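Going by the numbering used here, the first residue of the sequence shown is number 1, and it counts up by one from there. Ideal Cβ positions, reconstructed from N, Cα and C, are used throughout, including at glycine. None of these values were measured; they are calculated from a predicted model. Written out below as structure tokens is the structure these notes cover.
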Amino acid sequence: MMKKNLNKISGVTLIELLVGIAVTALMMGAMFASYTAVNSSYKQVTDKARISSSSRDIVGMMMKDIRLAGFKYYYGQNTEDITFDDNLTHISGLEDGRGIIDTHDPLIVFRDTLGYFAADTIAAGTDPPIPQKNRPTDTCCDSIHIVYGDFDKNDPIQKYKRYKLSYFALPINNEDGDENNDFYGIYKTKESWIENSENPLGNWTSKCTECYTNQLVRSHLIDMEFLLFDENGHHLYKDGDYPLPNNDNSAALYKIKQVDMSLMFRSNKEFYKNKPKDKKFLKTLNADRYTGTGFDDKYLRDNVVVSIHTRNIGR
């Protein structure tokens with residue numbers, strides 16, 4: 001029988017096979033670690049962009065509304081028996097039986113004030129409940145009230161309209177149950193002034209077709225701040241208040257030419273892997289506004305600051 005020569009067989013030993021498997025495993029581990037790092041970095045970037053984008057969406061809406069403050073509609077000369085301009089009574093809020101909540105002044109800011117109740121939801125002679133802050137050191141939040149005019153030719157009862165938009169904050173509990181992580185939400189209310197032959201004295205209502213109350217616009221708010229300036233850049237804050245119909249600075253209500261607005265939001269979930277070594281502090285428009293002890297959590301905070309020209313006030 002013919003013998004086969006088996007001494008030249010090519011192959012690998014068990015040790016070489018194990019070494020190959022080990023090298024492959026190391027390469028796969030390195031690739032996975034690299035992917036995890038890149039994916040984590042990408043997720044952080046996209047999350048931050050998402051927070052920033054949603055913040056700027058609400059800023060754009062509020063800028064548009066603030067620019068409406070003091071707007072009046074003029075229909076002009078016509079043969080339709082429609083008055084030339086707005087024929088609605090101007091209410092300052094100082095008349096008998098009236099209050100600041102009834103005022104038609106174009107723009108009012110209340111500093112460090114939570115919540116708002118529409119005028120027709122408050123029983124006569126009663127004070128609405130005051131919402132409590134999440135923490136005593138919280139600066140949140142200012143509220144702003146905007147009054148402007150409009151026109152509806154098809155309305156047979158009241159063609160000239162007057163609306164009031166209110167932006168304010170209310171506390172919201174965080175879903176994790178930790179009181180230290182509670183935040184606030186921006187809410188919006190729209191009211192309409194009804195003044196016609198059936199209601200000659202007029203009143204604000206939140207029950208018209210286009211009206212609404214306490215609509216949540218954006219959650220995870222940390223602070224909302226407004227500064228008011230005249231045409232010379234002078235800050236109109238005086239004696240602990242902005243201009244109000246019933247204070248000594250009331251004349252400045254029609255000198256407001258610029259509104260600086262700051263909105264600070266917080267991420268929904270923890271953003272950073274580790275807590276900061278040193279506490280971080282809020283950056284507010286007023287240096288004396290924030291008295292907190294700082295933040296040392298893992299949440300991302302995004303602050304948007306804009307200046308808005310009030311083109312219709314004082315005209």
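- The segment 249-258 and the segment 221-238 touch, with three or more beta-carbon pairs separated by less than 8 Å.
- For Thr-213, the uninterrupted beta strand (DSSP E) segment begins and ends at 212-229.
- Distance from the CA of Tyr-116 to the CA of Phe-32, rounded to the nearest whole angstrom, comes to 52 Å.
- Contact annotation: the segment 69-87 does not touch the segment 235-249, with fewer than three C-beta pairs closer than 8 Å.
- Asp-65 places its beta carbon less than 8 Å from that of Leu-165.
- A distance below 8 Å separates the beta carbons of Leu-282 and Asp-223.
- Rounded to the nearest whole angstrom, the C-alpha separation of His-145 and Ile-101 is 10 Å.
- Taking a contact as a CB-CB distance under 8 Å, the pair Ser-55 and Phe-265 counts as one, their CB atoms being some 5 Å apart.
- Contact between the segment 177-190 and the segment 209-221 is established, with three or more Cβ pairs separated by less than 8 Å.
- When the beta-carbon positions are compared, Lys-275 and Asp-297 come within less than 8 Å of each other.
- Counting along the chain, the unbroken beta strand (DSSP E) around Asp-302 starts and ends at 301-309.
- Note that the C-beta distance between Thr-139 and Thr-284 is below 8 Å.
- With contacts defined by Cβ atoms closer than 8 Å, His-220 and Asn-268 form a contacting pair.
- Between Ile-194 and Val-217, the CB-CB gap reaches or exceeds 8 Å.
- Residue ranges of uninterrupted beta strand (DSSP E) with 3 or more members, entirely inside the segment 125-168 and ordered along the chain, are 143-151.
- In chain order, Tyr-254 place their CB closer than 6 Å to the CB of Gly-314, counting only its own chain and leaving out the 5 sequence neighbours on each side.
- For Ser-262, the three-state secondary structure derived from DSSP is strand.
- Taking C-beta separations shorter than 7 Å and ignoring five residues to either side along the sequence, the partners of Cys-208 in its chain run Ser-192, following chain order.
- The three-state reading of DSSP puts Leu-107 in strand, counting E and B together.
- Looking at the DSSP output, Thr-113 bridges to nothing.
- With respect to Asp-120, Thr-205 sits close: the two C-beta atoms are nearer than 8 Å.
- Straight-line spacing of the CA atoms in His-90 and Asn-174 works out to 43 Å.
- For Asn-247, the CB contacts under 7 Å within the same chain, skipping 5 residues up- and downstream, are Asp-241 in chain order.
- Its chain contains His-104, Pro-106 and Lys-164 as the residues whose beta carbon lies nearer than 6 Å to that of Val-147, once the 5 sequence neighbours on both sides are disregarded; these appear in chain order.
- For the pair Phe-110 and Asp-142, the CB atoms are nearer than the 8 Å cut-off.
- CA-CA distance, Gln-132 to Phe-183, rounds to 12 Å.
- Ala-252 and Pro-128 have their alpha carbons spaced roughly 27 Å apart.
- According to DSSP, Asn-199 shares a beta bridge with Asn-196.
- Assigned with DSSP and collapsed to three states, Thr-24 falls in helix.
- In the assembly as shown, Leu-94 is an exposed residue. Its beta-carbon has fewer than 16 other beta-carbons within 10 Å.
- With fewer than 16 other Cβ atoms inside 10 Å of its own Cβ, Asn-232 counts as exposed.
- In the three-state reduction of the DSSP assignment, Glu-270 falls in the coil class.
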